[in-house]
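Protein chains in written order, with numbering that gives the first Met the number 0: chain Z, 0 to 174; chain X, 0 to 174; chain H, 0 to 89; chain B, 0 to 89; chain P, 0 to 365; chain D, 0 to 365; chain W, 0 to 261; chain C, 0 to 261.
Cβ atoms here follow ideal geometry from the backbone N, Cα and C, with glycine treated the same way.
If you're wondering where the values come from, they're calculated on a predicted model, not measured in any experiment.
Working notes for the structure below.
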Amino acid sequence: MRHELRLSGFGGQGIMLSAVIIGRAAVMYDKIFAVQTQVYGPEARGGASMSAVIIDSIPILYPKVREPDIFVIMSEEGFLKYGKGAKENSMMLIDSSLVYSRPGTPHVLIPATTEARRVFKRDIVANIVMLGALVKVTKIVTPDALEKAILDSVPKGTEELNLSAMKLGFTLAGG
Amino acid sequence: MRHELRLSGFGGQGIMLSAVIIGRAAVMYDKIFAVQTQVYGPEARGGASMSAVIIDSIPILYPKVREPDIFVIMSEEGFLKYGKGAKENSMMLIDSSLVYSRPGTPHVLIPATTEARRVFKRDIVANIVMLGALVKVTKIVTPDALEKAILDSVPKGTEELNLSAMKLGFTLAGG
Amino acid sequence: MRLVIDEVRCKGCNLCTLVCPYRIFKPGTIANRKGILVPVTDRPERCTNCRLQKIYGRTLCGMCQMICPDQAINWVNEEVYEPHRVVVED
Amino acid sequence: MRLVIDEVRCKGCNLCTLVCPYRIFKPGTIANRKGILVPVTDRPERCTNCRLQKIYGRTLCGMCQMICPDQAINWVNEEVYEPHRVVVED
Amino acid sequence: MSRVEFWQGNTACAEGALAAGCRFFGGYPITPSTEIAEHMARSLPKAGGVFVQMEDEIGGIASVIGASWAGKRAMTATSGPGFSLMMENIGFALMTETPCVIVNIQRGGPSTGQPTMAGQGDMLQCRYGSHGDISPIALVPASVEEMYSLTVHAFNLADIYRVPVFIMADEIIGHMRERIEVPDKVQLSERKPVIDPTHPFRAGCDLIPGFPTFGKGYAVHVTGLTHDDRGYPCTTNPEMHEKLVTRLFNKVESVRDEISLFETINTDSKVVFISYGAPARAVEQMLHDHPEAQIGHLRLKTVWPFGERCLSQFPNAEVFLFPELNLGQISREIERHTRIPVISIPKIGGNLHLPQELWEITERYL
Amino acid sequence: MSRVEFWQGNTACAEGALAAGCRFFGGYPITPSTEIAEHMARSLPKAGGVFVQMEDEIGGIASVIGASWAGKRAMTATSGPGFSLMMENIGFALMTETPCVIVNIQRGGPSTGQPTMAGQGDMLQCRYGSHGDISPIALVPASVEEMYSLTVHAFNLADIYRVPVFIMADEIIGHMRERIEVPDKVQLSERKPVIDPTHPFRAGCDLIPGFPTFGKGYAVHVTGLTHDDRGYPCTTNPEMHEKLVTRLFNKVESVRDEISLFETINTDSKVVFISYGAPARAVEQMLHDHPEAQIGHLRLKTVWPFGERCLSQFPNAEVFLFPELNLGQISREIERHTRIPVISIPKIGGNLHLPQELWEITERYL
Amino acid sequence: MSGDDWLRKDRLPHIWCAGCGNGTVVNCTLAAVDEIGWQRANTVFVSGIGCSSRAPGYVLTDSLHTTHGRAIAFATGVKLADPSLNVVVITGDGDLAAIGGNHFIHACRRNIDLTVICMNNQIYGMTGGQGSPTTPMGKLSTTTPFGSVEPAFDLTELAKAAGANYVARWTGFHVKELTKAIFSGLSTKGLAFIEVLVQCPTNYGRRNKYRSVTDQIDYMKTHSVLKQKADRLREEGNELPEDTIILGEIVKRSLPAMGVRK
Amino acid sequence: MSGDDWLRKDRLPHIWCAGCGNGTVVNCTLAAVDEIGWQRANTVFVSGIGCSSRAPGYVLTDSLHTTHGRAIAFATGVKLADPSLNVVVITGDGDLAAIGGNHFIHACRRNIDLTVICMNNQIYGMTGGQGSPTTPMGKLSTTTPFGSVEPAFDLTELAKAAGANYVARWTGFHVKELTKAIFSGLSTKGLAFIEVLVQCPTNYGRRNKYRSVTDQIDYMKTHSVLKQKADRLREEGNELPEDTIILGEIVKRSLPAMGVRK
Ligand SMILES: Cc1ncc(C[n+]2csc(CCOP(=O)(O)OP(=O)(O)O)c2C)c(N)n1
Ligand SMILES: Cc1ncc(C[n+]2csc(CCOP(=O)(O)OP(=O)(O)O)c2C)c(N)n1
Ligand code: SF4
Ligand code: SF4
Ligand code: SF4
Ligand code: SF4
Ligand code: SF4
Ligand code: SF4
Ligand SMILES: [Mg+2]
Ligand SMILES: [Mg+2]
């Protein structure tokens, strides 16, 4: 069941946090295996940030993503740098509020940022919206595990907001 | 004609300078070969300072003195530390004003410091007195070379004094 | 002279909006492709630099350009747009 | 109490000769085996430390000891030399 | 008992240190090791320990050595440039036999190089980087779990052998997050007690003297100069120097087979991989993907001292293949110990060897 | 033409530097190298150069690198502890391809060790002491004459290859005085001119770019970060890093047989000594004392890069005997290149091997 | 502004975050350098490591981006080896005052003819927000998670005590004054030190409850006092609040200097 | 003097030259340490490398003789790890102010509870007489053969600017005052810095035409002025000669300190 997931956007969107939440959900609550990595580097500041998660039911040996089969793309530059070469039978979740391009491969459009702003007046939870949608579409972790991992990871006092964002993601992904 | 020469005394007596003068005399004026080495080390401050010269008519390979055949000893501690074990057929020049012990091996007593004080009112030239005596007794360098090397090495304005000291050395050594 | 914000360089910090005595810069509202809200200029012809730089031959005010940490604010010479310049100098 | 210069430690710097208000230390003239001219003491019984330390139970003056960079100046208790002490306390 | 966590390698390292009783961290931030310092800054005060951010790495390691003499388990963490700056005081720690743990999360060098990319370019530096003849201990974790367990082990080795112990991880292992089972309790060793307080640096036949902690009345003199058994400087006595430095060298080298930890797979293979750190994960993946090929694997957990015994585990080996994130540093050491060809598979720039890439090379030798 | 002098090794080194056109010295005093600084302090101002005593060795090497970019031949001199402190900036010099000369008059280590006694304990440090994969050049004089001539040579190599060049002498050679014939003129090389000013770090097939001296209008950007041909940072591109660091490594390694200087005696012998620095004098004496034995001698003048060709000069060799003033450092390198036994004859503490002692060992193999 | 001619335009936009004050200081520096009439060919920018230290990489002159903390020592070599070069050092609070503190005070002591501009954002920006020697007590950073307990340096006082000929402090908001101060620094024979307080929204502002860049600029505006005024207030017996930022020329003198062009 | 109990008598005579002032400072230090009632078992002496830094090797307590310039950084670790230990750092002008300058100013900034005693002989004694950052301009050393051209540090001003709680200067002649100052330093919570000018006949005196140790002591006596007096003279508009040595307490304050025993 190995899945290789790549998330990209710009700094401040919480791309890294999203990746950690997914990994945490898998390891701590779904009791499977995950490895999370990311790109550091000052160039990532202005440009595209990227994080990756591998999920598997058996221990993960090679820790780096080789050919992602799932993408979460939250900025145009992120798409150009990290999404464009997606392989044929991959799945891409795109924040359609920020990404103009579209891949030739299967993808789902989620207007996460626009909706986050509209519903919560907070762009900042767009990443959690995307996570909800991601889990809905790909089922790489269980919704339950996702919820627990989100609660572990978000600042105190924002739990409700983030869970609502997650659910909005479920909804936007057709759930 | 290899000679291994060891000089010892206490700090401030000019033991190092003496060694350099001998080496210089040999190399620059007698056109033979010499290697000069010395003991550095903070312990030498209070205690005994030591310098060594090897003189040979052919290039010197091994630069360290192995078994000195000539000694110049200018302090009691210097004798105890560096003179006591002199080999049988060696020659030792001793500043009898400062050294109380006597070796069982051949030696010449030169009251260099007392005489330097008496004649020149300057203890500081005792080392040059000893050099004069050394050359007189052992002939390891020519008196002419010694004189030139002394002139090269002593501070401006003290040339006469030092040459007189050298000659005093010749005299004290029975010259 | 015409005031331009270089969209490639601007990162949307809004420092220019803070310093202009004429309030010529207003925070942007629409994100560009990089997700940046570039300020919009409000009647830039009011800028002293635009109006008088050519005449006096030196920088007047220039606060926005000086503080812009991204070297994104510049005045371009519009030789070809002679009429424009006249208008600006009004 | 008796003033002693430890010959093993003294390096003949003559700082003690500089500080004693009673001029108890005089520069030495004869070199010892190490070539050092250890100062000689001139009527050390004049030293306030020798005279009064036992009585007051604390260091009096002590300049020489304090400045001696070689920890060579000390006062030794001379329990065995009772009579001496009496003399010193004169 | 244990609990499961999803930790970053650097977090696991810091938590391992805390579990090992480390109560002092002195350091200076540098990518990609900074998370360790940051974790310690948050956690140490709560654990009754001290975190201090020093003015530079020289001060960082100096403060750690000072803290160790004051009786604390102490550590610092850094990366290449900071590691280079520590070299003088690392020599001091070796000369004075000061237990301490130094973590180097390796990035791309030389110089400032690639601050955020992985490398293993400091493997020979940790062995030879300080002047004079030295012999430190260096461990190389290949997983988040080992970032924890080898850090605990490092503190134990440091206290047992009275040496600085290096954790020579790389950016990949330091920064990746993965599953780790954190034990409730870890096994801890202690520093040897002092036998003869008048000769605090006199060692028994294990060559290791007891540790005279400051403040306990030993009045011990600790110096980086050549010293005698009392700890007193004696810098012009060749015999004393030889005795001291040979002991310092041998106390580690003579037990190198004991200290050296490694794992082996398929020991009867002809083609044998050697690896440590992140590249080990690539080798493991390749072995997993090609079980039929029965390739051997020697995974080093200790690189220094190098216990050559590990090589003899592979009696049929005809070639050693050695992927490293450098231009073949530990391969050079292997070459000293074997007549079998050692094929270095260097990779620099920050990428990790691909399993596929290793397989292609392997095929040439099968 | 030439003149005869009776010079100390350190004097000869300083005079060699002056003859080579060195016009900048930045350093920090340390025994047993200080005489070099002191000589430069006296002589440089008269030669129109600059002597600066910096606040530490880190500043010393930094100022030297700065001066080199300002177009001067520049050097520093130090010993173990200071050398350790220079490691970070030595890496910077390698990464930025800055020509400079660094003299290490080796004393007894580790740590402060034996400040006034001779050692050769930093031979591997000069090769591996800075983080990342590096390849500097290191020369090893064995006489006062070579302190002069190899210093001149070091400046030439530094300028030709754009690397820091080390003079790895020892206290014995640095401090002894002996006869030297000082040439009236020495041969000097120059830095390559810049070919393409827009890509100042682009190298031709010799892998060495031209040198864009500051103040000449090149507007060159010099950085210790991984950089492209223009000199601009590019720290997350693995290919660029690999290209750069491999080039830096290979520009020296690929010509190691050219760079490596050595002398041979009795090349058809079975028993062959290898040596460098002061121990070479002991070997020479022993050979002189036992001409009948026809012992071979390979005396290295260059240790890094190590040109293994020198070993093949002795086709009949059955054993290599290698006296060093350390615990066998360069012996380790030899072991990599030969299947013939390498017998290390280590000596630490400050004494030099006695010819007699070497002879006794030799006899076992004759 | 013809300071623009001094930029490596091919490298823009630079790597600094949106709203980072460093870019402003570059503007002021280049304006001053241009105004004083230095030529690109005989001007050298030197820096260490840090966000701030990336500045020389954007300036179209010979530029030396060195190791962390060592910029001044490298610059000393450049300047002494060729005094005809004009040498400007750009550094950060960590680079200058943490790891580089020793080179800093020694350059001030030697009074070597350099201009040193410190972009003081009171944090280690490049490495992600650790406390620096200028982080005010009580402020948050990733290594002072409970508020810094160490007193901060007053860099200008240090420079003064160490012997620099020219010392001034401004902020990234005071662009005209800063430009003038840099100009004065460039004109000074001997060491000129100009400290500029700059905002680091990403790593300092965010953690220390400045919601936006402009908030932090506002803070600098409202909490700063000119040195003359501060002196006067103090003389009148007033205590200035702890967090007052003193701006202006702190020292201007002409002690003996090294490395001055003949 | 029971300070004598604090000596490693088995190591005397020490390695210092005849007339070297270091031994005097040891006397004063031990007298102060003894007077304040510290115990040998909870007192630690730390030093770097240099003649001066050999001092802890003669003191019968735990003593840490570290690397050149780093004493204060090591001491910081000792003190923070176990604040119940009393920590005294003994250092030289080269050790403290040349290579160790950064640790010095940072310890002052942190105001960490150490007492730092600097034996300032204005020269590198141990390595044979090179110039140091406190060698006065014009003075001769082996690396300033034509007279030093670099200005010298005023170490007390540096310590003050950096934030130390207690700062004083005396000479090796003023044994009573020095002992008192060290006592005050030991009593101070926070960093106490005591600079002591000492004669180095071998490497400074000899080269700078002091014919004897006592000559140099005489110079220190005749060229020094108490701080109070110097301040008064200056206020009255008098200029003090360049080579005036200002003695006394320079600063005494109680800013927040680190590492203080609870
Ligand atoms: C020797 C060394 N230690 C640590 C680092 C990591 N490092 C890079 S930048 C930096 C701090 C920079 O702070 P500052 O000078 O204030 O610059 P800023 O990024 O805040 O502008 C550190 C610690 C390094 N590159 N080299
Ligand atoms: C890293 C390093 N650099 C240089 C030295 C050499 N060194 C030893 S002591 C010393 C100077 C000491 O000067 P100071 O601190 O004033 O002590 P003094 O001998 O004058 O008392 C130097 C440069 C060293 N030991 N280590
Ligand atoms: S100051 Fe410059 S970067 Fe900031 S918003 Fe204005 S134009 Fe854009
Ligand atoms: S130059 Fe001055 S007036 Fe013109 S836009 Fe900029 S700030 Fe406004
Ligand atoms: S002060 Fe001490 S060392 Fe000096 S002469 Fe007097 S007793 Fe001797
Ligand atoms: S204690 Fe005082 S009076 Fe007595 S000998 Fe010493 S200096 Fe003189
Ligand atoms: S981290 Fe801070 S200092 Fe660095 S570029 Fe971003 S805002 Fe500027
Ligand atoms: S060299 Fe100077 S400082 Fe060192 S012991 Fe001798 S007199 Fe004292
Ligand atoms: Mg900063
Ligand atoms: Mg000194």
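Alpha-carbon spacing of residue i relative to residue j, whole angstroms
i: residue 64/H; j: residue 35/H; result: 19 Å
i: residue 1/H; j: residue 79/Z; result: 33 Å
i: residue 4/B; j: residue 98/D; result: 59 Å
i: residue 150/P; j: residue 210/P; result: 21 Å
i: residue 86/H; j: residue 246/W; result: Only weak support exists for where residue 86/H lies, its pLDDT of 34 falling under 50; the value from the coordinates is given anyway. Between residue 86/H and residue 246/W, the C-alpha separation is close to 42 Å.
i: residue 33/X; j: residue 17/X; result: 13 Å
i: residue 239/D; j: residue 216/D; result: 26 Å
i: residue 62/D; j: residue 252/C; result: 38 Å
i: residue 249/P; j: residue 127/D; result: 22 Å
i: residue 10/Z; j: residue 97/Z; result: 13 Å
i: residue 18/D; j: residue 184/D; result: 8 Å
i: residue 179/C; j: residue 132/W; result: 32 Å
i: residue 48/D; j: residue 151/C; result: 23 Å
i: residue 108/C; j: residue 85/D; result: 27 Å
i: residue 156/W; j: residue 37/P; result: 30 Å
i: residue 117/W; j: residue 20/W; result: 12 Å
Integer Cβ distance of residue i from residue j, believed to fall under 8 Å
i: residue 62/C; j: residue 214/P; result: Their Cβ separation, rounded to whole angstroms, is 12 Å, which puts residue 62/C and residue 214/P out of contact at 8 Å.
i: residue 222/P; j: residue 56/C; result: 7 Å
i: residue 8/H; j: residue 75/Z; result: About 17 Å separates the two Cβ atoms, so there is no contact after all.
i: residue 190/C; j: residue 164/C; result: 6 Å
Neighbour list for residue i in chain F, Cβ cutoff strictly below 8 Å
i: residue 159/W; result: Protein chains Z, X, H, B, P, D, W and C are contained in the structure displayed, whereas chain F is not.
**Runs of alpha helix (DSSP H) lying entirely within the region 12 to 58 of chain B, each at least 4 residues, in chain order** = 14 to 18, 47 to 55
**Asked** Pairing CB atoms from the region 45 to 58 of chain P with CB atoms from the region 63 to 79 of chain C, are three or more of them under 8 Å?
**Response** Counting C-beta pairs with one atom in each stretch, the region 45 to 58 of chain P and the region 63 to 79 of chain C have three or more that are closer than 8 Å, which means they touch.
**Item:** Stretch-stretch touch, CB-based, cutoff 8 Å, three pairs: the region 156 to 167 of chain X with the region 121 to 134 of chain X
**Value:** yes
**Asked** Using 8 Å as the Cβ pair cut-off and three pairs as the minimum, do the region 21 to 37 of chain X and the region 98 to 116 of chain X touch?
**Response** no
**Prompt:** Quick one: complete alpha helix (DSSP H) runs, 4+ long, within the region 120 to 168 of chain W?
**Reply:** 154 to 161
**Prompt:** Pairing CB atoms from the region 167 to 186 of chain C with CB atoms from the region 167 to 176 of chain W, are three or more of them under 8 Å?
**Reply:** The region 167 to 186 of chain C vs the region 167 to 176 of chain W: no contact.
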